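These notes are about the structure you will find just below.
Protein chains: 2
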Amino acid sequence: MSLDRATMDERVPRDFETLRTTILERRESLPKRIAQIAAHALDNPDDIAFGTAASIAASAGVQPSTLIRFAQQLGFDGFTSLQQVFRERLRERNSSYDERLQALRVKAEGGAGHRSIFDGFVAAASTSLNDISRTLDDAHLEDAISLLAKAETIYVLAKRRSYPVASYIAYALGKLKIRNQLIESAAGLNAEMIGFATPADAVIAISFSPYAPATIEEARSISEQGVPIVAITDSSFSPLAQFAKVWFEVAEADFAGFRSLSATMALAMALTVGVGEKRRDTGRKRKG
Amino acid sequence: MSLDRATMDERVPRDFETLRTTILERRESLPKRIAQIAAHALDNPDDIAFGTAASIAASAGVQPSTLIRFAQQLGFDGFTSLQQVFRERLRERNSSYDERLQALRVKAEGGAGHRSIFDGFVAAASTSLNDISRTLDDAHLEDAISLLAKAETIYVLAKRRSYPVASYIAYALGKLKIRNQLIESAAGLNAEMIGFATPADAVIAISFSPYAPATIEEARSISEQGVPIVAITDSSFSPLAQFAKVWFEVAEADFAGFRSLSATMALAMALTVGVGEKRRDTGRKRKG
DNA sequence: TATGGATTGGAATTATTATTTCATATTCCC
DNA sequence: GGGAATATGAAATAATAATTCCAATCCATA
Chain A
1 MSLDRATMDE
11 RVPRDFETLR
21 TTILERRESL
31 PKRIAQIAAH
41 ALDNPDDIAF
51 GTAASIAASA
61 GVQPSTLIRF
71 AQQLGFDGFT
81 SLQQVFRERL
91 RERNSSYDER
101 LQALRVKAEG
111 GAGHRSIFDG
121 FVAAASTSLN
131 DISRTLDDAH
141 LEDAISLLAK
151 AETIYVLAKR
161 RSYPVASYIA
171 YALGKLKIRN
181 QLIESAAGLN
191 AEMIGFATPA
201 DAVIAISFSP
211 YAPATIEEAR
221 SISEQGVPIV
231 AITDSSFSPL
241 AQFAKVWFEV
251 AEADFAGFRS
261 LSATMALAMA
271 LTVGVGEKRR
281 DTGRKRKG
Chain B
1001 MSLDRATMDE
1011 RVPRDFETLR
1021 TTILERRESL
1031 PKRIAQIAAH
1041 ALDNPDDIAF
1051 GTAASIAASA
1061 GVQPSTLIRF
1071 AQQLGFDGFT
1081 SLQQVFRERL
1091 RERNSSYDER
1101 LQALRVKAEG
1111 GAGHRSIFDG
1121 FVAAASTSLN
1131 DISRTLDDAH
1141 LEDAISLLAK
1151 AETIYVLAKR
1161 RSYPVASYIA
1171 YALGKLKIRN
1181 QLIESAAGLN
1191 AEMIGFATPA
1201 DAVIAISFSP
1211 YAPATIEEAR
1221 SISEQGVPIV
1231 AITDSSFSPL
1241 AQFAKVWFEV
1251 AEADFAGFRS
1261 LSATMALAMA
1271 LTVGVGEKRR
1281 DTGRKRKG
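If you read the sequences in order, they're chains A and B. All residue numbers for the first sequence refer to this note's numbering, where the first residue is 1 and numbers rise by one. All residue numbers for the second sequence refer to this note's numbering, where the first residue is 1001 and numbers rise by one.
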């Protein structure tokens, strides 16, 4: 009896992560068909959790018996006990992202004290990040970065609610040694500052409804000088969109009357660092 | 044949939410044992997804046949198709929060193009929000809000990386008609501005390592005037912490050398709106 | 309290699914 | 290139699980 255990030196993985690691470790040494299943299992864990031996085998392109051999090689006594691990994973994994947000929102609405306010802002920020992550168009991002990377000076234009983003962009551009100009002068010199911009420069303009009239006005006048604009705004009807070469639609969730900035911030930073990288690459190419 | 359909006027619920609603609607009119299963199903949806008819019936305290009758009453043709709905629910719910972040990080590291930069910032922001949501101390939040709500003027102090947060706080306080002063003057008048602050005022100071010397210096001098400080910083060793009446430790994740601001922003907004609410409440009480 | 209909329990039956077996193919090593 | 060890495919078999059926029970109503 106890001798049988000798073959079981290798412990049977009981949780998904251990199993995953084990599979990846042995990946090289596995026979072809077994490896085929291994790959399929890690790629489609939900299928393993719910399917039958036959259906899984079919969708992995092997025989059911191979599936069982796979399980046995891993130390399980059959497919069924392997499947338990995949099911456990689904049971134990945290509640879904949406459920989590929902919980935060409920706490934010119903909760007592100021914690609920905080939860509300966290939920708004998370929602916004989630949305932008889904909707951002990669091609737009590339276009915007290319455009900005070519600019001699990057002008950053934003007022009121969007101003914090602009100031962070300016800070980051500065750290990356990218020439930039934040258009914010309280002294009313904005028109003059804008006057210096040429078509060889570029603008990042940020404005959300209700659009600050000054931002729109400045965007118009700078675009009339032929300076290309990258806009971050909240709808295709935004007046900013019509002046822009490239524009991003960012939907920020709000709470207690204040919209989140997190999605806009993430996009702004991606643009900034993207420009930094692009310039380094271009520099290298020129030298090489 | 087609006559049989008459009894199937009621559409079979295909998704979990519809099913749930249907069950709740009929709750009253269900026979005892069937109701028993209905309750068990809604309370333990995972068990329905993974169990066998026998095991589920046992844990609900009924016979397997009753479970099947339950499914049939709902319009399914058997337990198996009812179970599909419960399984679908697990499949479709988004991957867990951690898995999601993990995926983003992997994409950010391995990915090509500038999308990966963007993903990195989104991941950093999400991580930060997640962390602060876990670690924020409710009592500190209450303390800070009480302290700030009593202030005649709220001074907002932050430079460099933290400045965007300060400017958003100033914007929000302004919208809430709360008197505030952003200490940012480029004209070197900060010392004079600070000189006006009295112990009846309060300060929100934000600084992260490497701490801007000006922020620390100004915080010191303003605290020596007896003005209470609420600090947002990144460790208990922060020089800001020693001057502060209340301080928050916020760990922001970073990407490409730039830290996220999302957690700090959420906290800042909670403080701001919290102060607004507290003042309204206090106002009402005084009037009442 | 008798009677009909609905509900329930439990075993029998049927269907489905996992596992085993064995013949065949492949690979690796001498 | 030959032979042993290993891996694979396909069908047979065993196990498990869903469903059905019928008798027993419950409940409302006359």
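Ideal placement from N, C-alpha and C gives every residue a C-beta, glycine not left out. Since we're looking at a predicted model, the values are computed, not measured.
Are there 16 or more other CB atoms within 10 angstroms of the CB of E1025 of chain B, so buried, or fewer, so exposed? Per the 10 Å Cβ criterion, exposed.
Grab the span of the beta strand (DSSP E) containing Q181 of chain A for me, first residue to last. Residues N180 to I183.
Strictly under 8 angstroms for the Cβ-Cβ distance: is G1274 of chain B near chain A by that measure? G1274 of chain B counts as touching chain A.
Checking contacts by CB at 8 angstroms: is Y1155 of chain B closer than that to chain A? No - not a single Cβ of chain A is within 8 angstroms of the one on Y1155 of chain B.
Could you tell me if K159 of chain A is buried or exposed, where buried requires 16 or more neighbouring beta carbons within 10 angstroms of its beta carbon? Answer is buried; the Cβ neighbour count reaches 16.
If you scan the region 37 to 114 of chain A from start to end, which runs of the alpha helix (DSSP H) of 4 or more residues do you find wholly inside it? Counting whole runs of 4 or more residues, the region 37 to 114 of chain A contains the alpha helix (DSSP H) stretches 45 to 50, 53 to 60, 64 to 73, 79 to 92 and 97 to 110.
Could you tell me which of B:T1021, B:E1184 and B:F1255 sits nearest to I1206 of chain B, measuring between CA atoms? For the residues B:T1021, B:E1184 and B:F1255, the minimum Cα distance to I1206 of chain B belongs to B:E1184.
Burial state of L1019 of chain B (16 or more Cβ within 10 Å): With 16 or more Cβ atoms within 10 Å of its Cβ, L1019 of chain B is classed as buried.
Leaving out the 5 sequence neighbours to the left and right, which residues in its chain are closer than 6 angstroms to S1146 of chain B when beta-carbon positions are compared? There are no such residues.
So that I know if they touch, is there some Cβ in chain A lying closer than 8 angstroms to that of I1145 of chain B? Output row for I1145 of chain B: interface = yes.
What's the gap between the Cα of H140 of chain A and the Cα of R1179 of chain B? Straight-line spacing of the CA atoms in H140 of chain A and R1179 of chain B works out to 41 angstroms.
Is the beta carbon of L82 of chain A closer than 8 angstroms to that of A49 of chain A? Going by C-beta atoms, A49 of chain A is not nearer than 8 angstroms to L82 of chain A.
With DSSP run on the structure shown, which of helix, strand or coil describes Y1211 of chain B? The answer is coil: DSSP assigns Y1211 of chain B none of H, G, I, E or B.
Tell me which residues share the same chain as A1053 of chain B and place their Cβ nearer than 8 angstroms to its Cβ, disregarding the 5 neighbours each side in the sequence. Excluding sequence neighbours, A1053 of chain B sits near P1064, L1067, I1068 and F1079.
When we look at the beta-carbon of R1161 of chain B and count the other beta-carbons within 10 Å, is it buried (16 or more) or exposed? Result: buried.
Between the region 65 to 91 of chain A and chain B, which residues of the former have CB atoms less than 7 angstroms from a CB of the latter, in chain order? Against chain B - using a Cβ distance shorter than 7 angstroms - the residues of the region 65 to 91 of chain A are R87, L90 and R91.
Tell me whether T1135 of chain B sits in a helix, a strand or coil according to DSSP, three-state version. Secondary structure of T1135 of chain B (DSSP, three-state): helix.
Examine chain A for any beta-carbon lying closer than 8 angstroms to the beta-carbon of V1122 of chain B, and answer yes or no. So, interface residue.
CB-CB under 8 angstroms to D1131 of chain B, same chain, minus the five flanking residues each way: which ones, in chain order? Cβ contact annotation for D1131 of chain B (same chain, cutoff 8 angstroms, sequence separation greater than five): A1251, A1253 and A1263, in chain order.
According to DSSP, simplified to helix, strand and coil, what is V275 of chain A? Under the three-state reduction of DSSP, V275 of chain A is assigned to helix.
Can you tell me which of A:A231, A:A149 and A:V227 puts its alpha carbon nearest to the alpha carbon of G276 of chain A? Per the Cα distances, A:A149.
Could you name the residues of the region 44 to 62 of chain A whose beta carbon sits closer than 7 angstroms to any beta carbon of chain B, in the order they occur along the chain? The region 44 to 62 of chain A vs chain B, Cβ under 7 angstroms: D46 and F50.
With 9 angstroms as the limit, tell me which residues of the region 1197 to 1224 of chain B have their beta carbon closer than that to any beta carbon of chain A; keep them in chain order. Within the region 1197 to 1224 of chain B, no residue qualifies.
Give me, in chain order, the residues of the same chain whose beta-carbon lies closer than 6 angstroms to that of A1244 of chain B; leave out the 5 immediate sequence neighbours on both sides. Cβ neighbours of A1244 of chain B within its own chain (closer than 6 angstroms, five residues either side excluded): I1229 and A1231.
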